[in-house]
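Numbering (the UniProt record's numbering), first residue to last: 1 to 288.
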């Protein structure tokens with residue numbers, strides 16, 4: 001009788017252990033990456049390709065901005081925090097608790113609506129537009145149209161990079177703010193007078209990409225820092241990332257992925273950079 005009573009209890013206990021084991025295994029095969037919308041196309045494509053090669057792995061990619069990615073990976077809510085900025089540059093983030101994996105470089109370009117009639121701006125003109133000092137396109141050789149500045153929201157790594165390079169610590173003019181590269185692209189495409197900036201993977205033929213001092217935001221110019229508005233694409237993890245997380249990041253950083261997927265998605269391969277940048281923004285030649 002005692003054995004008969006114990007048997008269901010034992011079987012139930014074994015079932016609980018098996019379910020716990022399965023849940024643990026599934027969790028180990030799951031990677032969640034959250035943060036930078038500038039990185040989103042790259043991480044989504046890499047995740048899709050990686051899952052095709054590793055069917056038991058599940059990779060979830062979400063935007064939300066660099067600040068969101070950094071805060072969530074620090075608290076352990078996600079496996080990877082995607083960011084356009086160094087963790088040291090974000091207030092409230094304890095960078096020493098995180099590991100920085102620099103997986104690519106992204107260029108950022110000023111864009112306007114094609115009807116504005118401008119192809120190039122000097123560095124000073126670009127600065128003064130975003131400071132609100134230049135208010136009409138005719139002041140820089142364009143049409144008689146009021147300038148409408150579209151900025152990214154606070155917490156955006158793209159905004160932080162652009163303002164650090166262009167405004168050099170000065171406060172941008174108060175303007176409409178948007179949460180993502182994709183939304184900015186649509187607004188500028190459809191609204192005469194607008195100016196903003198985009199990560200290069202989001203550029204299309206419906207917006208006008210501006211050169212600055214007649215320097216184009218292209219691949220070669222980014223690798224040498226001739227085009228100065230760029231940032232690393234960081235994948236931050238905690239100090240002890242899961243094996244699946246480490247393997248996924250290693251996949252993105254591998255030379256085959258860098259030379260094919262990274263370039264095809266509009267980013268610069270980390271292996272092609274001739275310069276390097278530190279968290280303070282200092283750029284030096286990369287050791288060979």
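Just so you know, even glycine gets a beta-carbon here, dropped at the ideal spot from N, CA and C.
Looking only at its own chain, which residues have a Cβ that is under 6 Å from the Cβ of residue 5, when we skip the five neighbours before and after it? In this predicted model, residue 5 has a pLDDT of only 42, less than 50, meaning its place in the structure is not dependable; the value taken from the coordinates is given anyway. Contacts found: none.
Only counting the same chain, and skipping five residues up and downstream in sequence, which positions put a Cβ closer than 7 Å to that of residue 79? 31, 32, 33, 237, 241, 242, 245
Assuming residue 35 contacts residue 82 (C-beta within less than 8 Å), just tell me the rounded distance between them. 3 Å
Euclidean distance between Cα positions of residue 18 and residue 285: Residue placement at residue 18 cannot be trusted, given a pLDDT of 34 that sits under 50; the coordinates are not used to answer.
Alpha carbon to alpha carbon, what distance is there between residue 138 and residue 160? 28 Å
Bridge partners of residue 277, per DSSP? 283
From 48, 122, 192, 276, pick the residue whose C-alpha is nearest to that of residue 213; which is it? 122
Distance between beta carbons of residue 45 and residue 279, contact taken as under 8 Å: About 27 Å separates the two Cβ atoms, so there is no contact after all.
For residue 107 and residue 200, believed in contact at Cβ under 8 Å, the rounded distance: 4 Å
Rounded straight-line distance, which links the Cα of residue 114 to that of residue 43: 30 Å
Can you find at least 3 beta carbon pairs, one from the segment 135 to 149 and one from the segment 247 to 260, that sit closer than 8 Å? no
Which of the three DSSP states, helix, strand or coil, is assigned to residue 93? coil
Which runs of the beta strand (DSSP E) fall wholly inside the segment 129 to 206 and span at least 3 residues, in chain order? 148 to 152, 176 to 178, 194 to 199
Any idea what DSSP makes of residue 54, helix, strand or coil? coil
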